[in-house]
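**Student:**
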Amino acid sequence: MLSVMQRRRAIRRYTDQPVEEEKLVQVLEAARLAPTWANKQCWKVVVVRNHETRQALSELSNVPESEYPANPARKSLIAAPIVLVVCGDPRLSGVMYGKEYYLVDVGIVLDHIMLAATSLGLGTCFVGVFDEERVKQLLEIPSHIRVVGITPLGYAERWPEARPRKDLSELVCQEKWS
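In our numbering, the protein residues as written are 594 to 771.
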């Protein structure tokens with residue numbers, strides 16, 4: 594498992610090679626196995642193959658008013674043959690100490706998707722910048738559902754080198770914050 598985690602990269606350039614249906618099903622099966630709050634499974638994935646819809650998602654992934662005006666993953670939503678739109682239903686998950694667990698649940702689902710894809714030789718790239726209301730309109734997602742993340746899915750044009758990571762000593766504290 595660690596070797597898959599070490600290989601995973603944010604893929605922004607894709608070939609036009611179609612993703613085999615068996616591989617897509619395996620990726621979605623990995624998502625299905627993700628742990629969720631009280632096993633509520635409050636998430637759903639919209640699988641988008643249509644080119645025009647992927648184009649529209651790309652356009653909606655650049656919110657002009659944001660402080661992040663140039664989303665580098667935009668073009669990947671058009672180039673990849675599949676886009677997965679991962680949603681959560683806050684009504685089906687818990688809230689404890691002010692924390693909405695559907696966000697945690699969908700984050701774990703997205704991680705399962707990205708790691709399963711990597712293990713199958715497929716690329717992904719988390720996209721979190723988008724106009725949620727317009728994405729919901731485009732995909733006919735009910736108003737009470739939240740779109741948490743989007744990822745392209747496909748074969749990488751090239752697999753980037755690993756970027757530097759902080760040392761564990763910078764990220765892990767023993768017994769208390771330090």
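Cβ atoms here follow ideal geometry from the backbone N, Cα and C, with glycine treated the same way. Note that the structure is predicted; figures quoted are calculated from it, not measured.
(1) Throw me the rounded Cβ distance for the Q610 and Y748 pair, which I believe falls under 8 Å.
(2) Specify, as a first and last residue, the run of the alpha helix (DSSP H) that T646 falls within.
(3) Leaving aside the five residues before and after S651 along the sequence, list all residues of the same chain whose C-beta is less than 6 Å from its C-beta, in chain order.
(4) Of the choices L617, T629, A649, F723, whose alpha-carbon is the least far from that of T717?
(5) Determine the DSSP secondary structure at L746, reduced to helix, strand or coil.
(6) Going straight from the alpha carbon of L746 to that of W770, what length do you get?
(7) What did DSSP end up calling T711 once you bin it into helix, strand or coil?
(8) Which same chain residues end up closer than 6 Å to T608 when comparing Cβ atoms and leaving out the 5 residues on each side of it in sequence?
(9) Are the beta-carbon atoms of W636 and V699 separated by less than 7 Å?
(10) Can you tell which of M689, I743, E726 has its C-alpha closest to the C-alpha of A673?
(11) Determine the extent of the beta strand (DSSP E) in which L626 is found, giving its start and end residues.
(12) Who are R756's beta bridge partners in DSSP?
(13) May I have the straight-line CA-CA distance separating Q599 from R756, to the nearest angstrom?
(14) Taking DSSP as the reference, what is the three-state secondary structure of M689?
(15) Which residues in the same chain as H705 place their Cβ atom closer than 6 Å to its Cβ, once the five residues preceding and following it in sequence are excluded?
(16) Under the rule that 16 or more other beta-carbon atoms within 10 Å means buried, what is M707, buried or exposed?
(17) Ends of the alpha helix (DSSP H) at V641?
**Tutor:** Answer, in terms of the structure:
(1) In the sequence shown, the residue the question calls residue 610 occupies position 17. In the sequence shown, the residue the question calls residue 748 occupies position 155. So it is a contact: roughly 5 Å between Cβ atoms.
(2) If you number the sequence shown from 1, residue 646 lands on position 53. Looking at the DSSP string, the run of the alpha helix (DSSP H) that includes T646 is 644–653.
(3) Mapped onto the sequence shown, residue 651 falls at position 58. If the five residues before and after S651 are omitted, its C-beta is found closer than 6 Å to the C-beta atoms of R667, L670, I671, all from its own chain and listed in chain order.
(4) Along the sequence shown, read from residue 1 onward, the residue named residue 717 stands at position 124. For T717, the nearest C-alpha among the options comes from L617.
(5) If you number the sequence shown from 1, residue 746 lands on position 153. Shown here, L746 sits in a strand according to DSSP, grouped into three states.
(6) If you number the sequence shown from 1, residue 746 lands on position 153. If you number the sequence shown from 1, residue 770 lands on position 177. Spanning the two alpha carbons is a distance of roughly 38 Å.
(7) The sequence position of residue 711 within the sequence shown is 118, counting from 1. Three-state result, T711: helix.
(8) The sequence position of residue 608 within the sequence shown is 15, counting from 1. Spatial neighbours of T608 in its own chain (CB-CB distance under 6 Å, excluding positions within 5 residues in sequence) are listed in chain order as Y748, E750.
(9) Counting from one through the sequence shown, the residue named residue 636 turns up at place 43. Counting from one through the sequence shown, the residue named residue 699 turns up at place 106. Cβ distance < 7 Å, so W636 and V699 count as in contact.
(10) The residue given as residue 673 occupies position 80 in the sequence shown. In terms of CA proximity to A673, I743 leads the group M689, I743, E726.
(11) Numbered from its first residue, the sequence shown carries residue 626 at position 33. Taken as a continuous stretch (DSSP letters only), L626 belongs to no beta strand (DSSP E), as it is neither H nor E.
(12) As a first step, residue 756 must be located in the sequence shown, where it is residue number 163. According to DSSP, which records beta bridges pairwise, R756 is partnered with nothing at all.
(13) Along the sequence shown, read from residue 1 onward, the residue named residue 599 stands at position 6. Along the sequence shown, read from residue 1 onward, the residue named residue 756 stands at position 163. So the alpha carbons of these two residues sit roughly 10 Å apart.
(14) Within the sequence shown, the letter at position 96 stands for residue 689. Reduced to three states, the DSSP call for M689 is strand.
(15) The residue you call residue 705 lines up with position 112 of the sequence shown. A623, A624, A627.
(16) The residue given as residue 707 occupies position 114 in the sequence shown. By the 10 Å Cβ count, M707 comes out buried.
(17) Along the sequence shown, one-based indexing puts residue 641 at 48. Where V641 is concerned, there is no enclosing alpha helix (DSSP H), although the beta strand (DSSP E) it sits in stretches over 636–641.
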